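Trainee: Here it is, the structure, as structure tokens.
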Amino acid sequence: MSDGNSRQRLEDGAWSRRDGRPGTAPVLVRRPDGVLRLCLDGDWLAGRLPVTVEQVAAELADGPAPRLVCVADTLERWDSGLLSLLARVRERCDRLDVIFDDSGLPAGVRRLLALAGNEAGQGGRPSDSKRTTLLERIGRGGIVVWCHLVDMTVFLGEATVACGRFLTGRARCRRSDLLVIMQECGAQALPIVSLISLLVGLILAFVGAVQLSLFGAQIYVASLVGIAIVRVMGAIMAGIIMAGRTGAAFAARIGTMQVNEEIDALVTLGINPVEFLVLPRIVALAVMMPLLCLYADLMGIVGGMAVGVLMLDLNIMEYLEMTKKAVRLQDFWIGIFHSAVFGVLVALAGCHRGLRCGRSASAVGDATTSAVVTGIVSIIVATAVITVACNMLGI
Amino acid sequence: MSGTTRPMGSPLIEVTGLTMAYGERIIQRDVTFNVNRGDIFIIMGGSGCGKSTLLRHLVGLHRPAAGRVAYDGEDFWVLTADERQRIMRRFGVLYQSGALWSSMTLAENMALPLEQYTDLAAGEIADLVSFKLALVGLAGFEGFYPSEISGGMKKRAGLARAMALDPDILFFDEPSAGLDPITSRQLDDLILELRDSLGSTVVAVTHELASIFAIGNNSVFLDGEAGTMLASGDPQRLRDESEVTVVRRFLTRGESDRPTGGATLQRGDG
């Protein structure tokens, strides 16, 4: 095939010009002097190649072969399938020190093969150094965890310093940002907090009612729901909603700013991103969470009351009176303390993940997921710690 | 501007033996050059060779793995955080995508640095903002959010923000990337104009040859494969006289040693 023809093939963007018939002659022939002939006859198209790399390799390994000659006098249609086959055959030949003779191939095939070989040489193949032993992986994992811990500590320190500057009125952040964030994480969360707290109150009352009515003690549903919701469940439900709603939003927002170099722009202007972005979010959540918690308490008690009144035939006044008797003021304070801690934790988790986000769209997704998981885990751990502490203090 | 007290042409940024690394991966080593006052300094090199990383080191976003970056003779990384901030306040940086703060309008974007660092009244800040926006041809866009304007406008707005505090040194990360030839040319003209009228020093990362020759009077060439700088100096002189083939080929689009295009395709024929 002439050089001009094959060039036309390339320029047309088509791999072949004519229809051909399937090849019938034997594909691999070993000559008496050991030289292997790869006869390309008829069509060689991806998915319909007459021979596989393994077959050629087996033939090469079968006996000493100084060279492999490609013959393509009767080759008709070909595409990338043939090229990738030949490239892999060439690789095998190189490995076995067999000369790969491509002079019989059409010029187009030869040029593309040369280009493919060239590419690997220029860009440099990724080295095999990524393969590591188990011990090395464990070690690297350990180092990553350690760096992560150090990084979290550094971030906590920066956030604490920023809060200190805020309290002394020296922090550089915009008050309008703070108000907008407060609105986003406070007022706008009311509908979802209402729904979830109402249902949780309902569920608690329902589960309690089944057991308590066995003893005719339905009225204690009010105490059960009141104490559970006010002391811990209201705060936990509000916290988990905020972790999923606001913590994720913080991570995604700050992560996207990281991707867009907006954080870099702050830093080069000498504005500390922890003060400017993290601080208002911590303050907003720490202020709004207790309010949301109070609201969640109210909705939870209303939910319990709905079960008490509609299912257990209790009187509304009776229910409220029982709740008032059971719930002490300190239970409220403990619940509110819980929620303030949760607010800070959710904000820290969201902002930390956002600030440490990589520079790609998928990194933002990872940061968001991680913020929610970290937020919820830290809420549960904090609850455990506070509960134990309250127990030891006897409150 | 604090920088104008020193004569033009004296070294403003001195980079000595700089090694840049991400963790254990070394990007470039032994990079040494000076940026003089009033220069338009070009950082050039092939894709992925570490040009933007070098810029990030120059603007103080990254601590060097080794070596020294000094401004007016002051070694940046031995200074305290406050002193570093004082130096960084002299920078204006235009990021590749503009990096406007997306939750703020253009006017708020521009006003933020002014609010942070000056005691100007709100009215004065608004006037300054309008003036700077007009400088880059965006008069009347004060109330727009970054998502409401085009890529080229974002870049110009980013430039206006970078100039908000009348910086001594303007850094540009690929100023003409993603711009059409005419807009890109206009940006080049604007950069020259700024240098001439404000006396700013400009450091730009670019591989746009037309821009390099149109505006640059000093440069450094980084090579990804060698992992270090291969040349520095006036780009036109490097093109005509450099003894390093890679540099000459880069500056002539590979035509200095290959008279015809598509040469790689023919490599397999022989």
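Chains as they are written, first to last, in full-length UniProt numbering: chain X, 1 to 395; chain L, 1 to 270. Heads up, the beta-carbon is just placed ideally off N, CA and C, and yes, glycines get one too. This one's a predicted model, so the numbers in the text were calculated from it and none came from an experiment.
Listing by chain order, which chain X residues have their CB less than 9 Å from the CB of Pro113 of chain L?
Mentor: Leu269, Gly270, Ile271, listed in chain order.
Trainee: Determine, using beta carbons only, whether Tyr95 of chain L comes closer than 8 Å to chain X.
Mentor: Tyr95 of chain L counts as touching chain X.
Trainee: Report yes if the C-beta distance between Gly92 of chain L and Lys154 of chain L is below 8 Å; otherwise report no.
Mentor: Taking 8 Å as the Cβ cut-off, Gly92 of chain L and Lys154 of chain L do not qualify as a contacting pair.
Trainee: Rank X:Arg328, X:Leu298, X:Arg356, X:Ala286 by C-alpha distance to the C-alpha of Cys147 of chain X and give the top, closest one.
Mentor: Selected option, being the one with the closest Cα: X:Arg356.
Trainee: Consult DSSP for Thr323 of chain X and reduce its assignment to one of helix, strand or coil.
Mentor: DSSP places Thr323 of chain X in helix when its eight states are reduced to three.
Trainee: For the pair the stretch 322-333 of chain X and the stretch 260-270 of chain X, tell me if three or more CB-CB distances fall below 8 Å.
Mentor: The answer is no - the stretch 260-270 of chain X does not touch the stretch 322-333 of chain X, with fewer than three Cβ pairs under 8 Å.
Trainee: Counting only runs that start and end within the stretch 200-245 of chain L, where is the beta strand (DSSP E) found for 3 or more residues in a row?
Mentor: You should have 201-205, 218-223, 228-232.
Trainee: Between the C-alpha atoms of Phe221 of chain L and Ile43 of chain L, what's the straight-line distance to the nearest angstrom?
Mentor: Taking the straight line from one Cα to the other gives about 6 Å.
Trainee: Measuring alpha carbon to alpha carbon, tell me which residue in L:Leu18, L:Val35, L:Arg29 is nearest Val203 of chain L.
Mentor: Nearest of L:Leu18, L:Val35, L:Arg29 to Val203 of chain L, Cα basis: L:Val35.
Trainee: Can you pull the chain X neighbours of Arg89 of chain L, defined as C-beta to C-beta under 7 Å?
Mentor: Gly270, listed in chain order.
Trainee: Hey, is the stretch 80-91 of chain L in contact with the stretch 139-148 of chain L, meaning 3+ C-beta pairs nearer than 8 Å?
Mentor: With the cut-off at 8 Å, the stretch 80-91 of chain L and the stretch 139-148 of chain L do not touch.
Trainee: Which residue from X:Ala361, X:Arg353, X:Thr387 puts its Cα closest to that of Val372 of chain X?
Mentor: Selected option, being the one with the closest Cα: X:Arg353.
Trainee: With a threshold of 8 Å, are at least 3 pairs of Cβ atoms found where one atom belongs to the stretch 220-231 of chain X and the other to the stretch 193-205 of chain X?
Mentor: The stretch 220-231 of chain X, when compared against the stretch 193-205 of chain X, does touch it at the 8 Å Cβ threshold.
Trainee: Counting only Cβ pairs nearer than 7 Å, list the residues of chain L close to Arg172 of chain X.
Mentor: Those are Gln116, listed as they occur along chain L.
Trainee: Given a cut-off of 8 Å on the beta-carbon distance, is the pair Cys351 of chain X and Arg281 of chain X in contact?
Mentor: Yes, the Cβ-Cβ distance between Cys351 of chain X and Arg281 of chain X is below 8 Å.
Trainee: Near Ser176 of chain L, which residues of its chain fall below 7 Å by C-beta distance, leaving aside the five closest residues on each side in sequence?
Mentor: Contacts found: Ser184, Leu187, Thr206, Glu208, Ser211.
Trainee: Find out if the Cβ-Cβ distance for the pair Arg359 of chain X, Gln258 of chain X is shorter than 8 Å.
Mentor: Yes. Within cutoff.
Trainee: Phe276 of chain X lies in the beta strand (DSSP E); which residues open and close that run?
Mentor: Neither: Phe276 of chain X is in no beta strand (DSSP E) and is coded neither H nor E.
Trainee: Closer than 8 Å, Cβ to Cβ, to anything on chain L: give me those residues from the stretch 273-288 of chain X, in chain order.
Mentor: Residues: none.
Trainee: Under 8 Å between C-beta atoms, does Asp264 of chain X make it to chain L?
Mentor: Output row for Asp264 of chain X: interface = yes.
Trainee: Determine, for Gln186 of chain L, whether the minimum Cβ-Cβ distance to residues of chain X falls below 8 Å.
Mentor: With 8 Å as the cut-off, Gln186 of chain L does not count as an interface residue toward chain X.
Trainee: Going by the DSSP bridge assignment, what does Gly92 of chain L pair with across the sheet?
Mentor: Looking at the DSSP assignment, Gly92 of chain L forms a beta bridge with L:Leu170.
Trainee: List the residues of chain X whose Cβ lies closer than 9 Å to the Cβ of Leu61 of chain L, in chain order.
Mentor: The contacting residues are Asp264, Val267, Thr268.
Trainee: How is the alpha helix (DSSP H) around Cys147 of chain X delimited, first residue to last?
Mentor: Counting along the chain, the alpha helix (DSSP H) containing Cys147 of chain X begins and ends at 134-167.
Trainee: Tell me the rounded alpha-carbon separation between Glu76 of chain X and Leu82 of chain X.
Mentor: So the two alpha carbons sit approximately 12 Å from each other.
Trainee: Find out if the Cβ-Cβ distance for the pair Glu174 of chain L, Gln96 of chain L is shorter than 8 Å.
Mentor: Contact: yes.
Trainee: Does chain X have any CB closer than 8 Å to the CB of Ser102 of chain L?
Mentor: Judged by the 8 Å Cβ criterion, Ser102 of chain L is in contact with chain X.
Trainee: Using a C-beta cutoff of 8 Å, does Gln236 of chain L count as contacting chain X?
Mentor: It does not; no Cβ of chain X falls within 8 Å.
Trainee: Rounding to the nearest angstrom, what Cα-Cα distance links Arg21 of chain X and Trp78 of chain X in this structure?
Mentor: Any reading at Arg21 of chain X must be qualified, since the residue scores a pLDDT of 43, below 50, and its modelled position is unreliable; no value is offered.
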